[in-house]
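Q:
2 protein chains.
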Amino acid sequence: MGKELNNSYQNAEEVFSIFDKKWMGLIVDVLLDGPQRYKDIAQTIPTISDRILVQRLKELTENGIVIRKVYPESPIRVEYQLTDKGIALNAILAEVHKWSEKWGD
Amino acid sequence: MGKELNNSYQNAEEVFSIFDKKWMGLIVDVLLDGPQRYKDIAQTIPTISDRILVQRLKELTENGIVIRKVYPESPIRVEYQLTDKGIALNAILAEVHKWSEKWGD
Numbered sequence: 197m198g199k200e201l202n203n204s205y206q207n208a209e210e211v212f213s214i215f216d217k218k219w220m221g222l223i224v225d226v227l228l229d230g231p232q233r234y235k236d237i238a239q240t241i242p243t244i245s246d247r248i249l250v251q252r253l254k255e256l257t258e259n260g261i262v263i264r265k266v267y268p269e270s271p272i273r274v275e276y277q278l279t280d281k282g283i284a285l286n287a288i289l290a291e292v293h294k295w296s297e298k299w300g301d
Numbered sequence: 197m198g199k200e201l202n203n204s205y206q207n208a209e210e211v212f213s214i215f216d217k218k219w220m221g222l223i224v225d226v227l228l229d230g231p232q233r234y235k236d237i238a239q240t241i242p243t244i245s246d247r248i249l250v251q252r253l254k255e256l257t258e259n260g261i262v263i264r265k266v267y268p269e270s271p272i273r274v275e276y277q278l279t280d281k282g283i284a285l286n287a288i289l290a291e292v293h294k295w296s297e298k299w300g301d
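Protein chains in written order, with this note's numbering: chain A, 197 to 301; chain B, 197 to 301.
Right, dumping it as structure tokens:
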């Protein structure tokens, strides 16, 4: 087993450890519709608490999946958008949903 | 957001929480080649300890991803094989590997 293959599994485990957290998949799905302001995300997912949503967006930003864009308007506009790395997660999430629908409880 | 969609996310989080554990993806990949005896799996992944491999196979069995088949031969033969639910994970793992190769460290 080559080093490259080992790395691939390690990276895979990192992906899974991001998305086993509650709301992560849903937040990325919401952002796949395009860049959004914090309050728009919060409105789309009314059952998530502010504390958790702020924390999740921070984690996604630190993982290079989401970028926080600040537009110097008046009032200042802040939007969250997926990076290319984040948009590419779409294929994984689509397969997970297919699997869940067929095999989940 | 309907109940059905919520369930889909919850199931998705369960999938991710299975595979964020070290070796899980690799063990399933190895079993995608067909049913195998414990010692064959252990030989294919020489860096995993017996304690962890036994534990992982137990978790995969409990999750309905792997089935432990006992053949009443002499000596008794025990094989681990993926269920249909387990085989269906192939599509997810393939997308995760593609993503990791492109975007991983």
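Ideal placement from N, C-alpha and C gives every residue a C-beta, glycine not left out.
Please read these numbers as outputs of a predicted model, since none were measured by experiment.
(1) For residue 255 of chain B, report the span of its alpha helix (DSSP H) as first-last.
(2) In chain E, which residues lie less than 9 Å from residue 284 of chain B when you measure between Cβ atoms?
(3) What are the start and end residues of the beta strand (DSSP E) that includes residue 278 of chain B?
(4) If contact is defined by three or more beta carbon pairs under 8 Å, each pair taking one atom from either stretch, is the region 248-268 of chain A in contact with the region 252-269 of chain B?
(5) For residue 263 of chain A, which three-state DSSP category applies?
(6) Name the two residues that bound the continuous alpha helix (DSSP H) containing residue 221 of chain A.
(7) Any C-beta of chain B sitting closer than 9 Å to the C-beta of residue 210 of chain A?
(8) Just how far apart, CA to CA, sit residue 275 of chain B and residue 283 of chain B?
(9) Which residues does DSSP list as the beta-bridge partners of residue 232 of chain B?
(10) How is residue 243 of chain A classed by DSSP in three states: helix, strand or coil?
(11) Run down chain B in chain order and give the residues with a C-beta less than 7 Å from the C-beta of residue 291 of chain A.
(12) Just the Cα atoms here: how many angstroms apart are residue 211 of chain A and residue 286 of chain B?
(13) Given a cut-off of 9 Å on the beta-carbon distance, is the pair residue 237 of chain A and residue 226 of chain A in contact?
(14) Using a threshold of 9 Å, state whether the C-beta atoms of residue 289 of chain B and residue 221 of chain B are closer than that.
(15) Using the Cα positions of residue 299 of chain A and residue 250 of chain B, report the straight-line distance between them to the nearest angstrom.
(16) Does DSSP put residue 300 of chain B in a helix, a strand or coil?
(17) Along the region 241-261 of chain B, where does the CB come closer than 7 Å to a CB of chain A? Name the residues.
(18) For residue 259 of chain B, tell me which candidate among A/206, A/234, A/301 has the shortest Cα-Cα distance.
(19) For residue 281 of chain B, which residues from the same chain have a beta carbon less than 7 Å from its beta carbon, with the 5 sequence-adjacent residues on both sides left out?
(20) Under 8 Å from any heavy atom of the ligand SAH, does the C-beta of residue 221 of chain B make it?
(21) Name, going along the chain, the residues of the region 212-240 of chain B whose beta-carbon falls closer than 9 Å to a beta-carbon of chain A.
A: Let's see:
(1) 246-258
(2) No chain E is part of this structure, whose protein chains are labelled A and B.
(3) 273-278
(4) no
(5) strand
(6) 220-227
(7) yes
(8) 16 Å
(9) B/276
(10) coil
(11) 287, 288, 291
(12) 16 Å
(13) yes
(14) yes
(15) 24 Å
(16) coil
(17) none
(18) A/301
(19) 260, 261
(20) The ligand SAH is not among the ligands present in this structure, which contains no ligands whatsoever.
(21) 212, 213, 214, 215, 216, 217, 218, 219, 220, 221, 222, 225, 240
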